[in-house]
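One structure below.
In my numbering, the protein residues as written are 160 to 271.
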């Protein structure tokens, strides 16, 4: 029986053409990883806010087009995960009212 070797690869996520971040991940279920990561970071509130996701494992790139313009978080906070993960800085109690906000607390551009 041949032993399997776990591998990771970099995946750079672009949102509306803007580079968001690069993370290391296993090369499986990349679209679900990208969508889940954007949701956890409060860049999106749900999949209905995504117009398109294109993932190229060969290029290590994921391009996400949202249904609205967004200001992406720029600061990261390191967490003590097994792989020393990171999170975008969040503002406690930020709301999703008429002014759209991402996890950094900065206003998103209003929806059309």
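From the three backbone atoms N, C-alpha and C, an ideal C-beta is built for every residue, glycine too.
| Item | Value |
| --- | --- |
| Determine the closest residue to residue 211 out of 184, 195, 222, with distance taken between C-alpha atoms. | 222 |
| What first and last residue would you give for the beta strand (DSSP E) that runs through residue 173? | 168-174 |
| Under the rule that 16 or more other beta-carbon atoms within 10 Å means buried, what is residue 183, buried or exposed? | exposed |
| In angstroms with no decimal places, state the Cα-to-Cα distance between residue 199 and residue 178. | 17 Å |
| From 234, 206, 189, pick the residue whose C-alpha is nearest to that of residue 219; which is it? | 189 |
| Going by the CB atoms, is the gap between residue 164 and residue 229 shorter than 8 Å? | no |
| Excluding the 5 residues flanking residue 205 on each side, which residues of the same chain have their C-beta closer than 8 Å to its C-beta? | 198 |
| Run the CB neighbour count on residue 169, radius 10 Å, all protein chains shown included, and call it buried at 16 or more, exposed below. | exposed |
| Looking at C-alpha atoms only, which residue of 214, 181, 207, 186 is the closest neighbour of residue 233? | 181 |
| With DSSP as the reference, identify every bridge partner of residue 177, one or two as the case may be. | 174 |
| Check residue 192 in the structure and name its three-state DSSP category. | helix |
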